[in-house]
Amino acid sequence: MIEFIQGRIEELDPAQATIATAGGVGYLLNISLNTYSAIRGKSEVRLYVYEAIREDAYVLYGFADRRERELFLLLISVPGIGGSSARMIQSAFSPAELESIISSGDERQLKQVKGIGLKTAQRIIVDLHDKICVESAAAGNAGNAVSGSAAGETVESATAALTMLGFQQAASLKVVQAIVKEKPDFSVEAVIKEALKRI
Numbered sequence: 210m211i212e213f214i215q216g217r218i219e220e221l222d223p224a225q226a227t228i229a230t231a232g233g234v235g236y237l238l239n240i241s242l243n244t245y246s247a248i249r250g251k252s253e254v255r256l257y258v259y260e261a262i263r264e265d266a267y268v269l270y271g272f273a274d275r276r277e278r279e280l281f282l283l284l285i286s287v288p289g290i291g292g293s294s295a296r297m298i299q300s301a302f303s304p305a306e307l308e309s310i311i312s313s314g315d316e317r318q319l320k321q322v323k324g325i326g327l328k329t330a331q332r333i334i335v336d337l338h339d340k341i342c343v344e345s346a347a348a349g350n351a352g353n354a355v356s357g358s359a360a361g362e363t364v365e366s367a368t369a370a371l372t373m374l375g376f377q378q379a380a381s382l383k384v385v386q387a388i389v390k391e392k393p394d395f396s397v398e399a400v401i402k403e404a405l406k407r408i
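If you count the sequence shown from 1, you need to add 209 to reach this note's numbering.
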């Protein structure tokens, strides 16, 4: 079992990271928006790993810290929640926000995530409520401001990330452009989080 992968970031976008290790091997890891925010701008990183091994695929998920990985493991323990859905949820909320949502039984917030209906949201809350320890933490991450020509890069990066998460490119582009027009100071992460609620 792989506990973590440490190395140099070769490629990074809001949905995936390629880490080159000292042995000359490059690992492609699926990441959440929270992990992307934590490692962006760094050259050397350590990502904690979850291995999803199936008959037809071998997929690695990477996390900036153990706390996020633990939440991921809790989410995929809920019937009907797979790796992709768990990553979607973790891209929509920070670990502190997610713990608070589950602890308070706020199914309305969970339903905002694409692919999470009322029954699934209720199941997540029922199954995980007693397992979640809520920490008092200020929610929200303003991120870096964007303006002018940088807005085009924000649209491009956010659209690419949403496409990699499984959304149609045309629909993603439309939503992202609308958000950037409304909130030109939003970071790429903030745009993606808002888009996940609208698509």
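Even for Gly, the Cβ is constructed at its ideal location relative to N, Cα and C.
Ala305 has its alpha-carbon roughly 19 Å from the corresponding atom of Val400. The alpha carbon of Ile325 has as its nearest neighbour, out of Gly250, Ala261, Ala380 and Ile290, the alpha carbon of Ile290.
Where Gln318 is concerned, the enclosing alpha helix (DSSP H) starts and stops at Glu316 to Lys320. In the DSSP assignment, Leu337 falls within the alpha helix (DSSP H) that extends over Leu327 to Leu337.
Note on geometry: alpha-carbon atoms of Glu220 and Arg407 lie some 28 Å from one another. Between Glu316 and Arg296, the alpha-carbon positions lie close to 18 Å from each other.
The segment 273-287 and the segment 229-247 touch, with no fewer than 3 CB-CB distances between them shorter than 8 Å. Under DSSP, Gly235 forms a beta bridge with Ala229.
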